[in-house]
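Input: a single structure, listed below in structure tokens.
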Ligand code: DQA
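Residue numbers (the UniProt record's numbering): 3 to 149.
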């Protein structure tokens, strides 16, 4: 069984993108730490990054259809603050979803204070840096990963 780790726009640039905000951990590092945490719980991690909103929706549909995804770690990045489509996809698929942000959006610009994902997220982890992904995988594995 698997956990889907879904990263949205501009997160492919992690490591070099505004390192004072997002740190120097790369997307490859994030995906490796998610895989290691999933393995620790006897699960696999499937990691997807896309800059396109529709592809995020498609990835959620595919995860639900696959039947072996126990939960989703979702950093929808900027689409967090805009995407009714993502909100609807999480509702439609009913996949347990943990919303992750590397930074703490509530400590930043007002437009980052709204999340369309939070109302349907099982938990929200923000401001913990890249470690937030590890905590999210751990949470999903503990709650939904039992065989
Ligand atoms: C982010 C926060 C968002 O506001 C921003 O648009 C991102 C990254 C984070 O991980 O801190 O791209 O989701």
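C-beta atoms are modelled at their ideal positions from N, C-alpha and C, and glycine is treated no differently. Keep in mind that this is a model prediction, so the values were computed, not measured.
Pull up the distance between the alpha-carbon of residue i and that of residue j, whole angstroms please.
| i | j | result |
| --- | --- | --- |
| residue 111 | residue 69 | 38 Å |
| residue 60 | residue 7 | 14 Å |
| residue 54 | residue 35 | 24 Å |
| residue 131 | residue 102 | 9 Å |
| residue 11 | residue 141 | 24 Å |
| residue 57 | residue 84 | 15 Å |
| residue 51 | residue 33 | 10 Å |
| residue 106 | residue 148 | 30 Å |
| residue 65 | residue 97 | 8 Å |
| residue 114 | residue 74 | 21 Å |
| residue 143 | residue 26 | 26 Å |
| residue 154 | residue 139 | Here the chain covers residues 3 to 149 and nothing more, so residue 154 does not appear. |
| residue 77 | residue 9 | 5 Å |
For the ligand DQA, I want to know if residue i counts as a neighbour, meaning its beta carbon is within less than 6 Å of at least one of the ligand's heavy atoms.
| i | result |
| --- | --- |
| residue 127 | no |
| residue 136 | no |
| residue 117 | no |
| residue 92 | no |
| residue 12 | yes |
| residue 104 | yes |
| residue 53 | no |
| residue 79 | yes |
| residue 96 | no |
| residue 114 | yes |
Under 7 Å between C-beta atoms, does residue i make it to chain C?
| i | result |
| --- | --- |
| residue 130 | Protein chains in the displayed structure number just one, and chain C is not present. |
Residue i and residue j look like a contact to me (Cβ under 8 Å); what is the Cβ gap, rounded to whole Å?
| i | j | result |
| --- | --- | --- |
| residue 40 | residue 5 | 5 Å |
| residue 3 | residue 72 | 5 Å |
| residue 104 | residue 24 | 5 Å |
Would you check whether the ligand SAH has a heavy atom nearer than 6 Å to the C-beta of residue i?
| i | result |
| --- | --- |
| residue 107 | As far as ligands go, the structure on display features the ligand DQA and does not contain the ligand SAH. |
Report yes or no: do three or more beta-carbon pairs, one from the segment 85-96 and one from the segment 39-49, lie closer than 8 Å? no
Count the C-beta pairs between the segment 118-125 and the segment 16-28 that are closer than 8 Å, then say yes if the count reaches three, no if not. no
Threshold first: 4 residues or longer. Then list the alpha helix (DSSP H) segments lying entirely within the segment 75-119, N to C. DSSP runs (the alpha helix (DSSP H)) wholly in the segment 75-119: 86-95.
As an exercise, report each continuous alpha helix (DSSP H) stretch of at least 4 residues that is fully enclosed by the segment 9-53, in chain order. As far as the segment 9-53 is concerned, its whole alpha helix (DSSP H) runs of at least 4 residues are 21-24, 29-42.
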